[in-house]
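Chains as they are written, first to last, in this note's numbering: chain A, 3 to 457; chain B, 3 to 457.
Note that beta-carbon positions come from the ideal geometry of N, C-alpha and C, so glycine has one too.
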């Protein structure tokens, strides 16, 4: 291993080249790349290829023949060629609609009051820009990177990373690393850096019931089975209060460690502001703030995301529907397996007398958590406090879901994100101050991680 | 009372003036009168006024200042001025959409294979034409009518007769009669005349649940109450199997008389054809044909006509909805009272812990049945067999609902209807043969009724 180099030169480079990073972000946002419609996906993948090529990262366009290609690249470290960090990001964005709610056009980046506005500026082109530009900072100053850098930029994150597991099968080498820096991360509403160590999993199903071959007059309710009643009955067997009644559902739930419980306890949570924002008086089942914090991190849930049958317009229409369906989202925790759980769900509905309920399995992802004792978690926490000069917050897991489980290595979600960035909403924005801070945080984390693993 | 006159002259007049009746029907159908949109309502009410004026029925345009006006008229009988029969019909029609499924334009009547096609040709302009033209037949031949004739032609039947009870309050005299001939009636698929003696009632409500003030990400399902789950839970308390669990729901249900049970037993019911048409193998709860027949006539029901919450498009969307609602149709039997029952429903949901479920009471009509022993029922059965030369069928009640309860007098639903007339559907049609037969049936019934009551 070569002599230790200072992060100061890297930070200085980041500071003095801030405007070049902003220019790159603007260029990326100007290129639409909507996975839901396919708009600009090809062009954006080529643009991202070019960026990696300019870095000297030997980019590859990985393609399984459907969906958006995955762009990957790698820069070997001279000083530390045994260790590899992987940057997972995505170049696709959410659809920009509703357009009329944007103050400036979504694909024409505009800077106002220290923020850039545009679709994808925060999620995830800001992070992608940061990863490219911090790499450039290492290369320009150190003429090296702290360990091997891998880049995996996918183009379907906003539609559930629907092909990513197939990419893992076909191109396993682009997923291999000793640590992963996740696509999102940043500071909380009070500017405190948050080290997020996991995501929940998901099992998303549609339950469908059919009876008659056409909608009929509701006077026939006296003699014809109603699929909406069947669906309501079937749904009602799934939960009692907040407990999921399907046998074996909780078998594989990993218990919180003492350290996790302590981290959850330590994490600030502004319940009052959150309740006001949602317009609710109480959390479900009148849970306490501490119960709510633990539930967000570690409670398996069962949520009706949508339900539909028959006539739903104004006033009354006397119809007996022929079909009903519900979309149900089960959030999972380690070590629950969606494939196993969907089998348990099927079996349970049959034993409850609902073999007529059709189950469509539309999404399944496992949860993932990285131990706070992992070197990369420790490095991220250390670097956060170095860059932000304030205590950091360790989040055991996000309440949300992502394809983190596809990566075998420990994983931290850190970056240049901030509250009120309107990700997925009109007027998505990026505080340019945090673009810079996020780059420094990630650079410092990676450097620390490289050092720690070597020791 | 004057000397008895023969129906033969009346029937002969009807036969020889058949083409004039068809011309009138064509004229009425050419005038759109869609209550749902208001299209042509005013013009059609004026046309109907003119018809009654030409009959010498001293028409009145009754108007409460909202909705469609009610046209009424009366012809006094010289021979029998103490008795009054009322013809209840409607001049409004269902919307003609979907237009592309019509073989000829809905408001341009076309005759093919003995049928006239057009919106309203069967429901209810064919019946309305019949009532006007049979009156003319009496007047032209007898120079009198068998008893006083009253006409009540409303313009909102197709939107639930939403103002008819207000008309009853403001113009009670136009509802008064000794017997009522209802707006529909006719023959079954085998050409057998059906005397229908009642309708079910209805209580139609919307149940709505709200929690957060906006839809949120479904990862918050761990801590935020889900209105769809609240709705599913509330609905599930309403029924066990086909039994409605709301206390007191069945308190006012009038038991079938022995005669009613016998009439239900005698009524033919082609269960096989009906199951094939609906694409079902069994009736609900595997009820027998006889159970199904009794249920259609006399079972209180609770039907989900529609249910909605959250995301119902293709694929999956991870949303926790802020609102859910269901539209629920309770069919009622004599002597259930919808106003009483909606109070019981409210109270029940509160006792079940669902005081958060908002109930919107959108429709309430009582059931009504006329005893088969009533002179008008006996007259209708006698006349049917005289005109059709075949046994008639007495239906204790239709499974459907109408504002029959607003009329105090005994009521029969008879007329010139036939199976496969596509009422409410594209290519609505009227078999012109039954236009004539229906006129004779009604004329003969009214004459018999007038005689019977006098004896």
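Beta carbon proximity, residue i to chain A, threshold 8 Å
{"i": "residue 211 (chain B)", "result": "no"}
{"i": "residue 443 (chain B)", "result": "no"}
{"i": "residue 8 (chain B)", "result": "no"}
{"i": "residue 228 (chain B)", "result": "yes"}
{"i": "residue 86 (chain B)", "result": "no"}
{"i": "residue 184 (chain B)", "result": "no"}
{"i": "residue 222 (chain B)", "result": "yes"}
{"i": "residue 285 (chain B)", "result": "yes"}
{"i": "residue 298 (chain B)", "result": "yes"}
{"i": "residue 234 (chain B)", "result": "yes"}
{"i": "residue 70 (chain B)", "result": "no"}
{"i": "residue 309 (chain B)", "result": "yes"}
Unbroken alpha helix (DSSP H) run spanning residue i, endpoints
{"i": "residue 136 (chain B)", "result": "127-144"}
{"i": "residue 167 (chain A)", "result": "166-172"}
{"i": "residue 350 (chain A)", "result": "340-353"}
{"i": "residue 388 (chain B)", "result": "377-390"}
{"i": "residue 10 (chain A)", "result": "9-18"}
{"i": "residue 237 (chain B)", "result": "229-238"}
{"i": "residue 279 (chain A)", "result": "273-280"}
{"i": "residue 458 (chain A)", "result": "As displayed, chain A neither begins before 3 nor continues past 457, which places residue 458 (chain A) out of reach and without an answer."}
{"i": "residue 296 (chain B)", "result": "291-300"}
Proximity of residue i and residue j at Cβ, strictly below 8 Å
{"i": "residue 371 (chain B)", "j": "residue 398 (chain B)", "result": "yes"}
{"i": "residue 209 (chain A)", "j": "residue 236 (chain A)", "result": "yes"}
{"i": "residue 176 (chain B)", "j": "residue 228 (chain A)", "result": "no"}
{"i": "residue 215 (chain B)", "j": "residue 280 (chain A)", "result": "yes"}
{"i": "residue 415 (chain B)", "j": "residue 198 (chain B)", "result": "yes"}
{"i": "residue 439 (chain B)", "j": "residue 123 (chain B)", "result": "no"}
{"i": "residue 261 (chain B)", "j": "residue 374 (chain B)", "result": "yes"}
{"i": "residue 36 (chain B)", "j": "residue 120 (chain B)", "result": "no"}
{"i": "residue 441 (chain B)", "j": "residue 136 (chain B)", "result": "yes"}
{"i": "residue 266 (chain B)", "j": "residue 299 (chain B)", "result": "yes"}
{"i": "residue 244 (chain B)", "j": "residue 273 (chain B)", "result": "no"}
{"i": "residue 1 (chain B)", "j": "residue 420 (chain B)", "result": "For residue 1 (chain B) there is no data in the structure shown, the boundaries of chain B being 3 and 457."}
{"i": "residue 458 (chain B)", "j": "residue 444 (chain B)", "result": "Nothing about residue 458 (chain B) can be reported from this structure: the residues present for chain B run from 3 to 457 only."}
Nonlocal neighbours in the same chain, by C-beta distance under 6 Å from residue i, ignoring five residues either side
{"i": "residue 250 (chain A)", "result": "346"}
{"i": "residue 19 (chain A)", "result": "none"}
{"i": "residue 378 (chain B)", "result": "181, 412, 414 and 451"}
{"i": "residue 428 (chain B)", "result": "103 and 104"}
{"i": "residue 325 (chain A)", "result": "212 and 229"}
Range covered by the beta strand (DSSP E) that runs through residue i
{"i": "residue 87 (chain B)", "result": "86-92"}
{"i": "residue 205 (chain B)", "result": "203-212"}
{"i": "residue 195 (chain B)", "result": "195-198"}
{"i": "residue 64 (chain B)", "result": "62-64"}
{"i": "residue 311 (chain A)", "result": "303-312"}
{"i": "residue 458 (chain B)", "result": "Past the boundaries of the shown model lies residue 458 (chain B); chain B is included only from 3 to 457, so the question cannot be answered."}
{"i": "residue 397 (chain B)", "result": "395-397"}
Sequence-distant residues of the same chain with beta carbon closer than 7 Å to residue i, five excluded per side
{"i": "residue 446 (chain B)", "result": "9, 385, 388 and 389"}
{"i": "residue 7 (chain B)", "result": "144"}
{"i": "residue 64 (chain A)", "result": "71, 72, 74, 169, 173 and 176"}
{"i": "residue 21 (chain A)", "result": "none"}
Cβ of residue i within 8 Å of any chain B Cβ
{"i": "residue 237 (chain A)", "result": "yes"}
{"i": "residue 365 (chain A)", "result": "yes"}
{"i": "residue 282 (chain A)", "result": "yes"}
{"i": "residue 269 (chain A)", "result": "no"}
{"i": "residue 188 (chain A)", "result": "no"}
{"i": "residue 231 (chain A)", "result": "yes"}
{"i": "residue 301 (chain A)", "result": "yes"}
{"i": "residue 259 (chain A)", "result": "no"}
Supposed close pair residue i, residue j - CB separation, criterion 8 Å
{"i": "residue 369 (chain A)", "j": "residue 203 (chain A)", "result": "4 Å"}
{"i": "residue 395 (chain B)", "j": "residue 194 (chain B)", "result": "6 Å"}
{"i": "residue 112 (chain B)", "j": "residue 16 (chain B)", "result": "Their Cβ separation, rounded to whole angstroms, is 24 Å, which puts residue 112 (chain B) and residue 16 (chain B) out of contact at 8 Å."}
{"i": "residue 68 (chain B)", "j": "residue 219 (chain B)", "result": "Going by Cβ atoms, the distance from residue 68 (chain B) to residue 219 (chain B) rounds to 45 Å, so no, they are not a contact pair."}
{"i": "residue 92 (chain A)", "j": "residue 151 (chain A)", "result": "About 17 Å; that fails the 8 Å criterion."}
{"i": "residue 291 (chain A)", "j": "residue 289 (chain B)", "result": "Not confirmed; about 53 Å, so no contact."}
{"i": "residue 255 (chain B)", "j": "residue 335 (chain B)", "result": "6 Å"}
Under 8 Å by beta carbon: chain C residues contacting residue i
{"i": "residue 333 (chain A)", "result": "You won't find chain C in this structure, because its protein chains are A and B."}
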